[in-house]
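Peer 1: Could you have a look at this structure, given as structure tokens, before my questions?
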Amino acid sequence: MTNSLADIEEAEVILVIGSNTTENHPVFGMKLRRLARRKGTRIIVADPRKIDLTEDAFLYLPIKPGTDIALINGMMNVILREGLHDEDFIAEHTEGFDEFRKVVEKYTPEYVAEITGVSSSDIEKAARLYGSAQRASIIYCMGITQHTKGTNNVKSLANLALLCGNIGKPGTGINPLRGQNNVQGACDMGGLPATYPGYQQVANDEIRKKFEDAWGVKLSGKVGLTVVEMGDAALSGDVKAFYVMGENPILSDPNLHHLEEALQKLEFLVVQDIFFTDTCKYAHAVLPAAAYAEKDGTFTNTERRVQRVRRALNPPGEARDDWWILCEVARRMGYEMSYKNSEEIFEELRKLTPQYAGITYKRIETVGIQWPCPTEDHPGTPILHVGKIARGKGLFTPIEYKPPVEQPDEEYTFILTTGRNYYHYHTGTMTRQCMVCNFYVPEPYLEMNPDDARELGLNDGDAVKVCSRRGEIELKVKLSSRMKRGEVFSTFHFSEARVNLLTGSELDPISKIPEFKVTAVKVVKP
Amino acid sequence: MLVKINGQEYEVDQGTTILQIAREKGIYIPTLCYLERVSPIGSCGLCVVEVEGQDELVQACNTYVEDGMVINTDTPSVKAARKAALEKILEKHPLDCPVCDKAGECKLQDLVYELGYEERISHKVVGIPLLKEPPVSYSTPGIKYYPSRCVLCQRCVTICSEYVGREVLVVNEEGDKPRIEPLYADRCISCGECLAVCPVGALTENVSPLKVRPWQKKVSRTVCPYCGVGCVLELNVGDNRVVKVTVDESIPPNYGTLCVKGRFGFEFINSEKRLKRPLIRKNDEFQEVSWDEALDFVAEKLTAIKESAGPDAIAGLASAKCTNEDNYVFQKFMRAVIGTNNVDHCARL
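In the order they appear, the protein sequences are chains A and B. Heads up: the first sequence begins at 6 in this note's numbering, then just goes up one per residue. Heads up: the second sequence begins at 200 in this note's numbering, then just goes up one per residue.
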């Protein structure tokens, strides 16, 4: 997030796009709800599903899946036409405006209405709301990123924020809600194929030298493979071994038949986890790890706040800290790596990670600090780009709408979107062990518009088979008026109906993110 | 503007209540129903104070200060009124503290102890049935509801409607005794905010089979393991089991709020299904082995593949569930020990 969870209170208008906030980030969702109800903050929700938050929204835009760029271009077209853009900000803080403007001119509300399914008057309304607010914030999540155009979706949102100067102030910004407790931290720490900790490029000789000196070993400058590419490489035989720590790709990755084959082909798979997950079935070695409640360390949240995690109880049996296990394997492979405790690791990593350099366990004993925090007397950074855009000038990117890779046809008539629900989390490894979560959502389901169901002769709770061009699953249908006709939704929490058997592995060319939000499927009686 | 409290003058801002000023200045006024996060409820009558020039005592929680106001928080009439308010509550509340989960962290218990009404309890209150009514069904299985312990403070009703925005609970005035009812249970999202603010044992945690007294448990502040909001929470642990999750209202980013997963999604930690020993596949079956054997096996296999096919033939998935320290060590392991940048995690999934 460019901004913080707290300063959203200062926004007059909040555009929530591709985020089912009340279900997936519930505590922040409650806050949005509260702001709308008690403070009169105007919320615009753009989402294919009539999600819960629409109850409290000032305006709901029922967009067709995968047409976000058209919608945002349409809003910007209106903002420019009506002169609601921030000319001073554009002149002083941005570049690339003229070229960008040319592309946007084509996206009239009428043209965009055809693409998105949102009425031209609602597009105008949304544009005026966002464009005339003194402070407007953009909140987005995987509904924006999990497309083959994901990177361009995000850049479009950046265009919108720049156009109205909604950046670098409280109540503004471009704010992705990170989906997992420490996904921000895992990225910060270099759990990515192109970057060391702190987003420092592995391909940069000077940077690489710094890490070679720190770790006392020669390092590779070749950018590695992303998660979906790893599966492809395993299938082709280029990759022969996987080391998996605390992940369950056999439920979470797209196009699972493909991944199953890949995992079967591996010469060696080691999985380190707290449960015997579905991925463990393919493993040659399974190592028992401590859970978060049994660990000391830090997590970094969606607003870049580094917070202390504390050991509250002892791990079961012989389960050990993940870092301890890795150090022991390293030692046996001839590389001495040992730490007394997690704090010693943190001390090492902060010396190599500029954004974390000023953070110590002592400083975050009670309240976490938001990076960048370059020195020990720096208070941390709740808002990015204050006074000046971090890269110098904010870059407008002209972006054309292109349809999703997969389109419905005569056979596969529905568009399937996937996600999570409020009661479960990711692949269900944790929440499916919990009584309250299972009480509400004990089994997988397919959300479908009642009119579609009637046409197919389906009643609520009927078993259906959902097939895509890649696979099929069986589950119960749940009639839901929040679905539009022609669109269905399911979650990836359930190992008994793995929705990712259906999804495709077409990736965004830059972020390499799969298009989970648009899969063409058919729904039949089993 | 200026106000005088107990003879001392204070400079105060307009739009603040007597209670807010008193708390800010360290002047103690007892409360039961008051919650900082919502508008004043004013149901318990414990926060009464005397304002000179007014015939009746006023409630400090919902009376705004005025310039020149002279306030007394500790006069005989104030004391008598508080005593009467507390007695009224106690007359309806069973003294089943020995079997109540809330004992030791009960606001009512604390108030009785603090305000010292032993003589009243001994001759009037003791003798009421301990628990008139067993727990009744509530809007979520995460919470056990004992209506007879309810003191009708309405904290739960107010937090649910004002703060969470779900409006599940109502005060049902029908029958011989008014009571809280989850009338709109289908709107409940099991966030447990009502449980967190219940001052007595009317609402108690219903997930952990093990209960421990406050002085027997260890409370550790940590961060929720689910979504990216990163709510700070406290794991209450007894006998190496998580028995309850509580929250500190003063700590960002959640300031005391949690959702169903943060509040009630902790059973996996102590699940019997947790992995407890290293496993190695032998003759297509998993066998428990010692750490030494498992670690040697993993190191040998990885070394062999690295030597025969090169470091880029090995790929690793770090984890958005693990700590920064774990992830740092993981990518260091892949890069420095294996020698590849084939390291990623589920950020895209």
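Ideal Cβ placement from N, Cα and C applies to all residues, glycine included.
Is Lys-278(B) buried or exposed, if buried means 16 or more other CB atoms sit within 10 Å of its CB?
Peer 2: Under this definition Lys-278(B) is an exposed residue.
Peer 1: Using a C-beta to C-beta distance shorter than 9 Å, which residues of chain B count as neighbours of Asp-327(A)?
Peer 2: The answer, in chain order, is Ser-518, Cys-521, Thr-522, Glu-524, Asp-525, Asn-526, Val-528, Phe-529.
Peer 1: Closest to Ala-131(A) by CA distance: which of Ala-51(A), Thr-150(A), Leu-182(A), Asn-171(A) is it?
Peer 2: With distances taken between Cα atoms, Ala-131(A) lies closest to Ala-51(A).
Peer 1: Go to Gln-312(A), then tell me how far its beta strand (DSSP E) extends in each direction, as first and last residue.
Peer 2: Note, Gln-312(A): beta strand (DSSP E), 310 to 314.
Peer 1: Should Asn-482(B) be labelled buried (16 or more other beta-carbon atoms within 10 Å of its own) or exposed?
Peer 2: With fewer than 16 other Cβ atoms within 10 Å, it is exposed.
Peer 1: Using a Cβ-Cβ cut-off of less than 8 Å, list which residues of the segment 237 to 250 of chain A approach chain B; keep chain order.
Peer 2: Here the close residues are Ala-238, Ala-239, Asp-243, Val-244, Lys-245, Ala-246, Phe-247, Tyr-248, Val-249, Met-250.
Peer 1: Check the DSSP bridge columns for Leu-400(A) and list the partner residues they point to.
Peer 2: Leu-400(A) is bridged to Glu-100(A).
Peer 1: Determine, using beta carbons only, whether Glu-249(B) and Thr-274(B) come nearer to each other than 7 Å.
Peer 2: Yes, the Cβ-Cβ distance between Glu-249(B) and Thr-274(B) is below 7 Å.
Peer 1: Does Val-441(A) come within less than 7 Å of chain B when only Cβ atoms are used?
Peer 2: Cβ-Cβ to chain B under 7 Å: yes for Val-441(A).
Peer 1: Beta carbon of Ile-255(A), beta carbon of Thr-284(A): below 7 Å?
Peer 2: In this structure, Thr-284(A) lies closer than 7 Å to Ile-255(A) by Cβ.
Peer 1: Can you check DSSP and say which residues form a bridge with Lys-300(A)?
Peer 2: Per DSSP, none; premise fails for Lys-300(A).
Peer 1: Applying the 10 Å Cβ sphere with the 16-neighbour rule, what's the burial state of Asp-193(A)?
Peer 2: Buried, because 16 or more other Cβ atoms sit within 10 Å of the Cβ of Asp-193(A).
Peer 1: In this structure, does DSSP put Arg-325(A) in helix, strand or coil?
Peer 2: DSSP places Arg-325(A) in strand when its eight states are reduced to three.
Peer 1: Helix, strand or coil for Cys-296(B) per DSSP?
Peer 2: If DSSP states are grouped into helix, strand and coil, Cys-296(B) belongs with the helices.
Peer 1: Please state whether DSSP places Thr-27(A) in a helix, a strand or coil.
Peer 2: In the structure shown, Thr-27(A) sits in a helix (DSSP, three-state: H, G or I).
Peer 1: Can you find at least 3 beta carbon pairs, one from the segment 435 to 448 of chain A and one from the segment 216 to 229 of chain B, that sit closer than 8 Å?
Peer 2: No, because fewer than three Cβ pairs between the segment 435 to 448 of chain A and the segment 216 to 229 of chain B fall closer than 8 Å, the two stretches do not touch.
Peer 1: Closer than 7 Å, CB to CB, is Tyr-450(A) near chain B or not?
Peer 2: No - not a single Cβ of chain B is within 7 Å of the one on Tyr-450(A).
Peer 1: Please report the distance separating the alpha-carbon of Glu-405(A) from that of Ala-118(A).
Peer 2: Roughly 15 Å between the two C-alpha positions.
Peer 1: Flag Gly-195(A) as yes if its beta-carbon sits less than 7 Å from any beta-carbon of chain E, otherwise no.
Peer 2: No chain E is present in this structure, whose protein chains are A and B.
Peer 1: Per DSSP, what kind of secondary structure is Pro-519(A) in: helix, strand or coil?
Peer 2: Strand, per DSSP.
Peer 1: List, in order along the chain, the chain B residues whose C-beta lies closer than 9 Å to that of Lys-227(A)?
Peer 2: What Lys-227(A) touches in chain B: Asp-511, Thr-539, Asn-540.
Peer 1: Taking a cut of 9 Å between CB atoms, which residues from the segment 296 to 308 of chain A lie near chain B?
Peer 2: Those would be Ala-296, Tyr-297, Ala-298, Glu-299, Lys-300, Asp-301, Gly-302, Thr-303, Phe-304, Thr-305, Asn-306, Thr-307, Glu-308, in chain order.
Peer 1: Given this structure, state the Cα-to-Cα distance separating Pro-295(B) from Val-441(B), to the nearest angstrom.
Peer 2: At residue 295(B) the sequence reads Asp, which differs from the Pro that was named. Approximately 25 Å, taken between the alpha carbons.
Peer 1: Helix, strand or coil for Asp-375(B)? Go by DSSP, reduced to three states.
Peer 2: In this structure, Asp-375(B) counts as coil in the three-state DSSP scheme.
Peer 1: Does Glu-466(B) have its Cβ less than 7 Å from a Cβ in chain A?
Peer 2: Output row for Glu-466(B): interface = yes.
Peer 1: Could you please tell me which residues of the segment 421 to 432 of chain B, in chain order, have their CB closer than 9 Å to any CB of chain A?
Peer 2: Listed by position, the residues of the segment 421 to 432 of chain B near chain A (Cβ gap below 9 Å) are Thr-421, Val-422, Cys-423, Pro-424, Tyr-425, Cys-426, Gly-427, Val-428, Gly-429, Cys-430, Val-431.
Peer 1: Compare the C-beta of Pro-239(B) with all C-beta atoms of chain A and state if any pair is closer than 7 Å.
Peer 2: No, because no Cβ of chain A sits closer than 7 Å to the Cβ of Pro-239(B).
Peer 1: Applying the 10 Å Cβ sphere with the 16-neighbour rule, what's the burial state of His-429(A)?
Peer 2: Buried, because 16 or more other Cβ atoms sit within 10 Å of the Cβ of His-429(A).
Peer 1: Taking the beta carbon of Trp-376(A) as the centre, do at least 16 other beta carbons fall within 10 Å, making it buried, or is it exposed?
Peer 2: When all chains shown are included, Trp-376(A) counts as buried.
Peer 1: Sort Val-276(A), Val-108(A), Val-18(A) by Cα distance to Ile-143(A) and report the nearest one.
Peer 2: The shortest Cα separation from Ile-143(A) among Val-276(A), Val-108(A), Val-18(A) belongs to Val-18(A).
Peer 1: Does DSSP put Lys-69(A) in a helix, in a strand, or in coil?
Peer 2: Lys-69(A): coil per DSSP, three-state reduction.
Peer 1: If you check the beta carbons only, do Gly-400(B) and Lys-301(B) fall under 7 Å apart?
Peer 2: Yes, Cβ-Cβ distance for Gly-400(B) and Lys-301(B) is below 7 Å.
Peer 1: Between Leu-386(B) and chain A, is there a C-beta pair that is closer than 7 Å?
Peer 2: The question names Leu, but residue 386(B) in the sequence shown is Arg. No, its Cβ sits nowhere closer than 7 Å to a Cβ of chain A.
Peer 1: Ignore the nearest five residues each way along the sequence and tell me which others in Gln-312(A)'s own chain have a CB closer than 7 Å to its CB.
Peer 2: Excluding sequence neighbours, Gln-312(A) sits near Thr-303, Phe-304, Asn-306, Ile-369, Gly-373.
Peer 1: Thinking C-alpha only, which one of Lys-36(A), Asn-29(A), Thr-26(A) is nearest Ala-11(A)?
Peer 2: Looking at the Cα atoms, Lys-36(A) is the closest of the given residues.
Peer 1: If contact means a Cβ-Cβ distance below 8 Å, which residues of the segment 352 to 381 of chain B contact chain A?
Peer 2: If the cut-off is 8 Å between Cβ atoms, the segment 352 to 381 of chain B has Glu-361, Tyr-362, Val-363, Gly-364 near chain A.
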